[in-house]
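J.:
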Amino acid sequence: MADTDHERGSEAPRRSLPARLAILGLLAAATAAFTALGVWQVQRLFWKADLIARVDARVSAAPVSLPGPQRWPHINPADDEYTRVSVSGRFLNDKEAHVVASTEIGPGYWVLTPLALSDGTAVLVNRGFVTSEKRDPANRVAGQIAGDTTVTGLLRISEDSSWILRKNDPAADRWYRRAPAEIAQARGLPTIAPFFIDADAKPNTGGWPQGGLTRVRFSNNHLVYVVTWFALALLAAGACVYIVRSEFGDGQPKRRNE
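Numbering-wise, the sequence shown is residues 729 to 986 according to our numbering.
(1) Does the distance from the C-beta atom of L843 to that of G817 stay below 8 Å?
(2) In chain order, what residues of the same chain have a beta carbon less than 7 Å from the beta carbon of A961, not counting five sequence neighbours either side?
(3) Is the beta carbon of F819 closer than 8 Å to that of T841?
(4) Following the continuous beta strand (DSSP E) through R818, name the residue where it begins and the one where it ends.
(5) Where does W775 land, buried or exposed, given buried means 16+ other C-beta within 10 angstroms?
(6) So what does R902 bridge to, in DSSP terms?
(7) Less than 8 Å between the beta carbons of P801 and I885, yes or no?
(8) Quick one: grab the DSSP three-state call for G871.
(9) Of the choices S793, H826, T831, whose alpha-carbon is the least far from that of L941?
(10) Give a single yes or no on whether W903 has its beta carbon closer than 7 Å to a heavy atom of the ligand FAD.
(11) DSSP state of V969, grouped into three classes?
(12) Based on Cα-Cα distance, which residue from R782, V969, Q798, E824 lies nearest to R812?
(13) How close, in whole Å, do the beta carbons of A870 and G939 come, if the pair is a contact with beta carbons under 8 Å?
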């Protein structure tokens with residue numbers, strides 16, 4: 729009798745039926761949520777793999793003609809960014825802008841120069857990187873191309889403001905983002921493409937600016953996320969099974985021995 733009383737006194741009190749059902753419901757909801765997130769990450773994994781394959785194909789393809797004004801409203805990152813293009817025109821060297829840059833060479837500036845086209849429009853060309861010492865065009869006169877020229881490079885989408893890139897300050901001529909519309913307005917250019925071109929590595933006279941520094945890299949951590957979400961789903965499902973077996977194994981909620 730004493731042993732029975734001791735067992736009763738040492739047995740932890742069980743949760744009420746509503747509490748057990750609530751915990752089971754939360755675990756079931758967590759299982760469904762984690763599974764849904766895992767499925768979503770699988771979709772993202774295939775989307776990213778397809779994007780990388782398409783971009784790789786564009787970067788290595790032969791250059792195509794620059795999209796004309798009729799195509800400008802329909803340009804989008806998924807289908808057009810990093811397309812190799814070739815276009816001829818005349819650099820407006822007196823209207824170049826210098827955008828703060830951090831590259832594998834070191835800190836400095838991108839030299840963005842409008843290229844006037846034969847149809848009266850213009851496209852902004854990122855001619856490449858210069859150091860702070862070479863920011864002043866007077867220190868790289870040889871690289872200031874005059875007359876007609878042909879540019880080959882990668883089509884890039886305008887960089888929007890974000891927490892990573894600071895807001896441009898046109899009034900102070902400080903540029904942190906490669907935003908054609910803003911630069912065109914500050915430089916008095918009426919009609920400019922809504923994208924810009926990253927020039928290829930063809931050497932400029934005098935060695936500056938240095939083109940061909942575009943980094944075409946995409947992070948692809950979706951497989952890690954897939955494993956994480958499905959592992960959490962399995963853990964939550966396992967907890968559900970454990971509760972069902974331990975609390976409702978005989979079809980009724982287990983009670984303390986009386």
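Cβ atoms here follow ideal geometry from the backbone N, Cα and C, with glycine treated the same way.
The model shown is predicted, which means the values in this text are computed figures rather than measured ones.
T.: Once the coordinates are examined:
(1) yes
(2) Apart from sequence neighbours up to five positions away, the residues of its chain that approach A961 with a beta-carbon distance below 7 Å are T759, F762, T763, G766, ordered along the chain.
(3) In this structure, F819 lies closer than 8 Å to T841 by Cβ.
(4) 812–819
(5) exposed
(6) D897
(7) no
(8) Under the three-state reduction of DSSP output, G871 falls in the helix class.
(9) T831
(10) The ligand FAD is not among the ligands present in this structure, which contains no ligands whatsoever.
(11) helix
(12) A check of alpha carbon separations from R812 across R782, V969, Q798, E824 identifies R782 as the nearest.
(13) With a Cβ gap of about 15 Å, A870 and G939 do not count as contacting.
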